[in-house]
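S.K.: I have a structure here, written as structure tokens, and I will follow up with some questions on it.
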Amino acid sequence: MDNKRRYGRRRLSKYLFLTYNIEVNPRTLGNYMKRLNLFTFVRRKKRQKEHKNTNVKFTDLVQRDYNSRNNVIYATDVTYIPAPKDINQNHIYLSAIIDHKTKFVTYEISLNNDTELVLNNIKNTKFKNNFILHSDHGFAYSSIDYIDKIKSLNGKISMSRIGNSLDNREIEYFFLDTYKRNFSW
């Protein structure tokens, strides 16, 4: 049998049973393989690198100073909420926009994480004139539709530095608090 060192103890045990009708416990087979120095190649999982759209360049207008302007700074982000185990859907997505001054929140819930979720949330929010909408570099916030929508509302786009969630801490704390209070199943 030439398996090119791809069969481990469990697969080899099953192969022996199905081919030769020989029943061997996988642990026993593993001990024999260890004594005979028969090892399998272990294929390591490669960590997937998260690709962010770095072509869209917006400066961080807020720079963690949330108190300088009155009612014009908003933060937005999308998170997922795991569903209980008895529901077929794995999780739902929550897009929220929080006003830094009043801590008033608008939100939108969807089964899909897409730009439409964010745009619907923006449509339902009443912004002040010359507002700043601060977000991370997520794909929905880098989309052309999102940029056009904010510009049509006379707003400015502010994005935190890549990989630095503290720049957007108000909305991150909101998600943490909401999750702890309501979704701790």
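Heads up: the sequence shown runs through residues 429 to 613, numbered per our numbering.
Just so you know, even glycine gets a beta-carbon here, dropped at the ideal spot from N, CA and C.
As the structure is a prediction and not an experimental result, all values here were calculated from the model.
Could you spell out where the beta strand (DSSP E) holding L522 opens and where it closes?
M.R.: 519–527
S.K.: With a threshold of 8 Å, are at least 3 pairs of Cβ atoms found where one atom belongs to the stretch 448–468 and the other to the stretch 550–560?
M.R.: no
S.K.: From K577, A511, Y502, pick the residue whose C-alpha is nearest to that of S563; which is it?
M.R.: With distances taken between CA atoms, S563 lies nearest to Y502 out of K577, A511, Y502.
S.K.: Are V506 and N552 touching if we call contact CB-CB under 9 Å?
M.R.: no
S.K.: So I509 packs on I520, CB below 8 Å; how close in whole Å?
M.R.: 5 Å
S.K.: Would you mind stating whether I599 and A524 have Cβ atoms separated by less than 9 Å?
M.R.: yes
S.K.: Per DSSP, what kind of secondary structure is W613 in: helix, strand or coil?
M.R.: Confidence in W613 is poor, its pLDDT being 48 and thus under 50, which makes the residue's placement too unreliable to answer from.
S.K.: Taking buried to mean at least 16 other C-beta atoms within 10 Å of its own C-beta, is E451 buried or exposed?
M.R.: exposed
S.K.: Kindly indicate the opening and closing residues of the alpha helix (DSSP H) around T447.
M.R.: 437–448
S.K.: Buried or exposed, going by whether 16 or more other CB atoms sit within 10 Å of the CB of L522?
M.R.: buried
S.K.: Would I550 be called buried (16 or more neighbouring beta carbons within 10 Å of its own) or exposed?
M.R.: buried
S.K.: Once you ignore the five residues that flank P454 on each side, which residues in its own chain have a CB closer than 6 Å to its CB?
M.R.: R437, R438, S441
S.K.: Please report the distance separating the alpha-carbon of F467 from that of R433.
M.R.: Their Cα atoms are separated by approximately 7 Å.
S.K.: Exposed or buried, D470, counting other C-beta atoms within 10 Å across all chains shown (16 or more means buried)?
M.R.: In the sequence under discussion, the amino acid at residue 470 is Val, which differs from the Asp named in the question. By the 10 Å Cβ count, V470 comes out exposed.
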